[in-house]
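Asker: Using my numbering, you'd call the opening residue of the first sequence number 60 and step up by one each time.
We put the CB at the ideal spot given by N, CA and C, even for glycine.
Mind having a look at this structure? Questions to follow.
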Amino acid sequence: MKSQIQKLIREAIQSAFGIDFDADKIKIDYPPEGMGDFATNVALILAKEAGKSPMEAAEALKREIFGHRMSKKDTGCLPIEFEKIEAAKPGFLNFWLVESLLPYIVVKINTEKEKFGNSEIGAGKKIHLDFVSANPTGPIHVGNARGGPLGDTLANVFEKCGYEPFREYYVNDTGNQADILGHSILGDAEAQYSGEYIEELRKRVEKGEPRKVGEKGAEIVLEEIIKPSMEKFGIKFDNYFSERELQKSGKVDKILEVLNKKGYLHEKEGATWFKSTEFGDDKDRVVVKSNGEKTYFGTDIAYHNEKLKRGFDKLIDIWGADHHGEVKRTHGALKALGHENKLDVILTQFVRILKNGEEMKMSKRAGTYVSVDDLIDEVGKDATRFFFLMHSADTHMNFDMDLAKERSEKNPVYYVQYAHARICSIFEKAEDANLTFNVRSVLTLNVRNHAKERALILELLKFPDLVSEISQNYAVHYLPQYTIGLADKFHSFYDECRVIDENNLELTAQRLELVKAVRIVLKEVLRLMGISAPDRM
RNA sequence: GUCCUUGUAGUUCAAUGGAUAGAACACCAGCCUUCUAAGCUGGUUAUGCAGGUUCGAUUCCUGCCGAGGACACCA
Numbered sequence: 060m061k062s063q064i065q066k067l068i069r070e071a072i073q074s075a076f077g078i079d080f081d082a083d084k085i086k087i088d089y090p091p092e093g094m095g096d097f098a099t100n101v102a103l104i105l106a107k108e109a110g111k112s113p114m115e116a117a118e119a120l121k122r123e124i125f126g127h128r129m130s131k132k133d134t135g136c137l138p139i140e141f142e143k144i145e146a147a148k149p150g151f152l153n154f155w156l157v158e159s160l161l162p163y164i165v166v167k168i169n170t171e172k173e174k175f176g177n178s179e180i181g182a183g184k185k186i187h188l189d190f191v192s193a194n195p196t197g198p199i200h201v202g203n204a205r206g207g208p209l210g211d212t213l214a215n216v217f218e219k220c221g222y223e224p225f226r227e228y229y230v231n232d233t234g235n236q237a238d239i240l241g242h243s244i245l246g247d248a249e250a251q252y253s254g255e256y257i258e259e260l261r262k263r264v265e266k267g268e269p270r271k272v273g274e275k276g277a278e279i280v281l282e283e284i285i286k287p288s289m290e291k292f293g294i295k296f297d298n299y300f301s302e303r304e305l306q307k308s309g310k311v312d313k314i315l316e317v318l319n320k321k322g323y324l325h326e327k328e329g330a331t332w333f334k335s336t337e338f339g340d341d342k343d344r345v346v347v348k349s350n351g352e353k354t355y356f357g358t359d360i361a362y363h364n365e366k367l368k369r370g371f372d373k374l375i376d377i378w379g380a381d382h383h384g385e386v387k388r389t390h391g392a393l394k395a396l397g398h399e400n401k402l403d404v405i406l407t408q409f410v411r412i413l414k415n416g417e418e419m420k421m422s423k424r425a426g427t428y429v430s431v432d433d434l435i436d437e438v439g440k441d442a443t444r445f446f447f448l449m450h451s452a453d454t455h456m457n458f459d460m461d462l463a464k465e466r467s468e469k470n471p472v473y474y475v476q477y478a479h480a481r482i483c484s485i486f487e488k489a490e491d492a493n494l495t496f497n498v499r500s501v502l503t504l505n506v507r508n509h510a511k512e513r514a515l516i517l518e519l520l521k522f523p524d525l526v527s528e529i530s531q532n533y534a535v536h537y538l539p540q541y542t543i544g545l546a547d548k549f550h551s552f553y554d555e556c557r558v559i560d561e562n563n564l565e566l567t568a569q570r571l572e573l574v575k576a577v578r579i580v581l582k583e584v585l586r587l588m589g590i591s592a593p594d595r596m
């Protein structure tokens, strides 16, 4: 809807001022209550260029746009026509949609069902998402888990926008990590990890070289700890990509040779370095150690190259903030290989865990970490996912374990799920009374009669724009925020507007259709977030 | 020291340079003979400090103060 309005305004700017204004620069907002359905500040922005005061510019645009109707053919979705346009205070333009249009939105939703909000903006594009990817050296702790719901949900959003997302877990199953795990399993002087699972591995893995023991241990950890953990968290990876396999394939050597030929490598002190300083990094980075082993970074270059070779148009890496130092060198390596603007890195800030009022330092070595499994057992999958998702990746989250359980009962996710359950309950009752109606019966609804109905429909209308925006800015936390807003509008409506009224079947039909649309959208957003939509609570 | 992120109600978090800075929890006062009160309605409380940019700054820039993280031939 927003992009259609942008187009409309762009044309108005063209004919009113003769200025060719980039449609993307026309911001469409949702104004405060009572000030319209949509708003824009373009008049403020182009006032200077148009040689007018902002208010004059706004008035001119208003005259240009008012009375203009975009048919369904023009917009590709719903017709757009404004009932009222106002130029306000500093120079905003506020738009009110023609009231008769609103019921069509409900019909559209109930016709398209869960496909409502789908788009083709990513058609034909394959996106690779690398997330969680915790070392297979033990249970996944909460810090590593944060990227899970984020990546998973982002992938769902991409899918809804026509992209082909691919969820991959990069498994660090060799090298130093494997050595440390190996020593730990053997219980020798260099052991660092401890815990029940180490004891268990000790019984099952044949003794031998630490590296081999560690690699074998990592296999078991991956299969029996990590995969079930992800399953429990509602995340299904399309692939678990083995670093060890990659090294064995010889592809790492190959790509390093390519970099060497391009002049991006040099030898120093027996090691091979990548000239990442040429790409803004503080220092050059080792790719092959003096003992001949590749560093993590060395194989990572090959991994990223490999992903692109597999045909992905875009790579998204979701890393913990502690890896921020790698961003520059990774971008640099891709650039050196001739791949620019292919990789986006999302960093998630650390989660601070509080227990008994004290911070728990997350340390696998000290065994003081909280695992995802513990968290899910305690607060449930839905509440955990919602909690992680509702905060932007940049937020340094605090998680109070003591409040976790109590908090879980107050968790906003229940507020949202409850709205869904309430609607289901209405339909149960409607079915008992044999009340079923035509999708189009909502068209006679006069939204002037009730502000709550109008607000609800407008909230539903925001959904498609929201989804496509997230596919571009990755701000997944807008989804939970949106569900809270939608649930809020619904609960408020529910309180004032009785849906089933046997003495007024016309109104009953209209409201049942409206509420049906709300259920569809709620369920769909929850699905995107990987959260269940219960029929009853 | 350098780099990244961050500082918003008592608490946990929102706010693509915009209009009266929003929620939730907590607290106070109301609302169930009617579709689930896990709900609704109303109330109290906030942009770390100092400058700058402009019609307008929580948002951008500079400095200071505070928080978390990174600065390996570890991953």
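Whose C-alpha, out of A392, R263, G267 and K401, is nearest the C-alpha of H242?
Answerer: Taking the first residue of the first sequence as position 1, residue 242 is located at position 183. Here the closest residue by C-alpha is G267.
Asker: Which same chain residues, not among the five before or five after V201, have their C-beta less than 8 angstroms away from its C-beta?
Answerer: Sequence index remark: in the first sequence, residue 201 carries index 142 (1-based). Excluding residues within five positions, the ones whose Cβ falls inside 8 angstroms are V410, I412, M421, Y428, V429, S430, V431, L434 and F458.
Asker: Which whole runs of the alpha helix (DSSP H) in the region 373-423 are 4 residues long or more, in chain order?
Answerer: Listed in chain order, the complete alpha helix (DSSP H) runs (minimum 4 residues) inside the region 373-423 are 385-395.
Asker: To the nearest angstrom, how far is the alpha carbon of G197 from that of R261?
Answerer: Taking the first sequence and counting its residues from 1, the one referred to as residue 197 is at position 138. Taking the first sequence and counting its residues from 1, the one referred to as residue 261 is at position 202. Distance between the alpha carbons of G197 and R261: 13 angstroms.
Asker: At 4 residues or longer, and completely inside the region 472-535: list those alpha helix (DSSP H) runs for me, N to C.
Answerer: As far as the region 472-535 is concerned, its whole alpha helix (DSSP H) runs of at least 4 residues are 510-532.
Asker: Less than 7 angstroms between C-beta atoms, sequence neighbours within five positions excluded: which residues of the same chain meet that for D524?
Answerer: Translated into the one-based positions of the first sequence, residue 524 becomes position 465. Around D524: M60 and K61.
Asker: Inspect the CB distances between the region 79-88 and the region 99-112 and report whether three or more fall short of 8 angstroms.
Answerer: With a cut-off of 8 angstroms, the region 99-112 and the region 79-88 count as touching, because enough Cβ pairs lie within range.
Asker: State the DSSP-derived secondary structure class of S591, mapped to helix, strand or coil.
Answerer: Position 532 of the first sequence, counting from 1, holds the residue named residue 591. Correct three-state label for S591: coil.
Asker: If we ignore side chains and look at the alpha-carbon of each, how far apart do E512 and V506 end up?
Answerer: On the first sequence, position 453 is the one that residue 512 refers to. On the first sequence, position 447 is the one that residue 506 refers to. Near 6 angstroms, if we compare the C-alpha coordinates of V506 and E512.
Asker: Give me the Cα-Cα distance between V535 and M449, rounded to the nearest whole angstrom.
Answerer: Position 476 of the first sequence, counted from the start, is the residue given in the question as residue 535. Position 390 of the first sequence, counted from the start, is the residue given in the question as residue 449. For V535 and M449, the distance between alpha carbons rounds to 8 angstroms.
Asker: Answer with buried or exposed for G329, where buried requires no fewer than 16 other C-beta atoms within 10 angstroms of its C-beta.
Answerer: Residue 329 sits at position 270 when you count from the first residue of the first sequence. Burial call: exposed.
Asker: Kindly indicate which residue of D491, P539, K414 and T407 has the alpha-carbon position closest to the one of P471.
Answerer: Residue 471 sits at position 412 when you count from the first residue of the first sequence. Cα-wise, what sits closest to P471 is P539.
Asker: Looking at L120: is its Cβ nearer than 8 angstroms to the Cβ of L137?
Answerer: Residue mapping note: residue 120 aligns to position 61 of the first sequence, counting from 1. Residue mapping note: residue 137 aligns to position 78 of the first sequence, counting from 1. Contact flag unset, no.
Asker: State the DSSP-derived secondary structure class of N153, mapped to helix, strand or coil.
Answerer: Walking along the first sequence from the start, residue 153 turns up at place 94. Looking at N153 - three-state DSSP - the assignment turns out to be strand.
Asker: Keeping to the same chain, check which residues put their C-beta closer than 8 angstroms to that of T336; ignore five residues upstream and five downstream.
Answerer: Within the first sequence, the letter at position 277 stands for residue 336. Counting only Cβ-Cβ distances below 8 angstroms, and skipping sequence neighbours, we find K342 and D343.
Asker: Using only CA atoms, which one of F76, W155, E418 and F141 lies nearest to P90?
Answerer: For the purposes of this step, residue 90 is taken as the residue at position 31 of the first sequence. When each option's Cα is compared against that of P90, the closest is W155.
Asker: Thinking A237 and A277 are a contact (beta carbons under 8 angstroms), I'd like their distance in whole angstroms, please.
Answerer: Within the first sequence, residue 237 is the residue found at index 178, counting from 1. Within the first sequence, residue 277 is the residue found at index 218, counting from 1. With a Cβ gap of about 6 angstroms, A237 and A277 count as contacting.
Asker: Is V431 helix, strand or coil by DSSP?
Answerer: In the first sequence, the residue the question calls residue 431 occupies position 372. Here V431 sits in helix by DSSP.
Asker: Look at the alpha carbon of A576 and the alpha carbon of E399, and state the distance between them as a whole number of angstroms.
Answerer: Along the first sequence, read from residue 1 onward, the residue named residue 576 stands at position 517. Along the first sequence, read from residue 1 onward, the residue named residue 399 stands at position 340. Distance between the alpha carbons of A576 and E399 is about 43 angstroms.
Asker: Identify the residues that DSSP records as bridge partners of P224: which are they?
Answerer: The count along the first sequence starts at 1 and reaches residue 224 at position 165. DSSP, once it has assigned bridges, lists I186 as partnering P224.
Asker: For H200, list the residues DSSP reports as bridge partners.
Answerer: Taking the first residue of the first sequence as 1, we reach residue 200 at position 141. DSSP output for H200 lists S430 as bridge partner(s).
Asker: Alpha carbon to alpha carbon, how far is E158 from M114? Give it in angstroms, no decimals.
Answerer: On the first sequence, position 55 is the one that residue 114 refers to. On the first sequence, position 99 is the one that residue 158 refers to. The straight-line gap from Cα to Cα measures roughly 26 angstroms.
Asker: Within 10 angstroms of its Cβ, does G150 collect 16 or more other Cβ (buried), or is it exposed?
Answerer: As a first step, residue 150 must be located in the first sequence, where it is residue number 91. With 16 or more other Cβ atoms within 10 Å, it is buried.
Asker: Helix, strand or coil: how does DSSP classify A248 here?
Answerer: Counted from its first residue, the first sequence places residue 248 at position 189. Correct three-state label for A248: coil.
Asker: Determine the direct distance from the alpha carbon of D96 to that of V191, and round the result to whole angstroms.
Answerer: Taking the first residue of the first sequence as 1, we reach residue 191 at position 132. Taking the first residue of the first sequence as 1, we reach residue 96 at position 37. Distance between the alpha carbons of V191 and D96 is about 40 angstroms.
Asker: May I ask you to report which of helix, strand or coil DSSP gives D547?
Answerer: Here residue 547 refers to the residue found at position 488 of the first sequence. Three-state result, D547: helix.
Asker: From the DSSP secondary-structure annotation, give me the bridge partner or partners of L324.
Answerer: By 1-based counting over the first sequence, the position of residue 324 is 265. Its beta-bridge partners are F333.
Asker: Apply the 10 Å Cβ neighbour rule to K301 and answer buried if 16 or more other Cβ atoms are within range, or exposed otherwise.
Answerer: Taking the first sequence and counting its residues from 1, the one referred to as residue 301 is at position 242. Note that residue 301 is Ser in the sequence shown here, rather than Lys. Answer is buried; the Cβ neighbour count reaches 16.
Asker: What did DSSP end up calling T354 once you bin it into helix, strand or coil?
Answerer: Position 295 of the first sequence, counted from the first residue, corresponds to residue 354. Correct three-state label for T354: coil.
Asker: Based on the DSSP secondary-structure assignment, which residues constitute the bridge partners of N298?
Answerer: Position 239 of the first sequence, counted from the start, is the residue given in the question as residue 298. E227, per the DSSP bridge assignment.
Asker: Can you tell me whether I284 is buried or exposed, with buried defined as 16 or more other CB within 10 angstroms of its CB?
Answerer: Here residue 284 corresponds to residue number 225 of the first sequence, with the count starting at 1. The residue is buried, with at least 16 neighbouring Cβ atoms inside 10 Å.
Asker: Taking the continuous alpha helix (DSSP H) assigned at I168, which residues delimit it?
Answerer: Sequence index remark: in the first sequence, residue 168 carries index 109 (1-based). Start and end: L161 to E171.
Asker: Using CA coordinates, which residue listed in D376, M129, L105 and G234 is at the minimum distance from E118?
Answerer: Counting from 1 along the first sequence, the entry for residue 118 is found at position 59. Of the listed residues, the one whose Cα sits closest to E118 is L105.
Asker: Could you check whether the Cβ of H455 sits closer than 7 angstroms to any heavy atom belonging to the ligand SAH?
Answerer: For the structure depicted, the ligand SAH is absent and the ligand set is empty, with no information on it obtainable.
Asker: Let me check one thing: in DSSP terms, what residues is K143 bridge-paired to?
Answerer: Your numbering for residue 143 matches position 84 in the first sequence. K143 is bridged to W155.
Asker: Which whole-angstrom value is the C-beta distance of N169 and E572, which I expect to be below 8 angstroms?
Answerer: Numbered from its first residue, the first sequence carries residue 169 at position 110. Numbered from its first residue, the first sequence carries residue 572 at position 513. Confirmed, about 6 angstroms.
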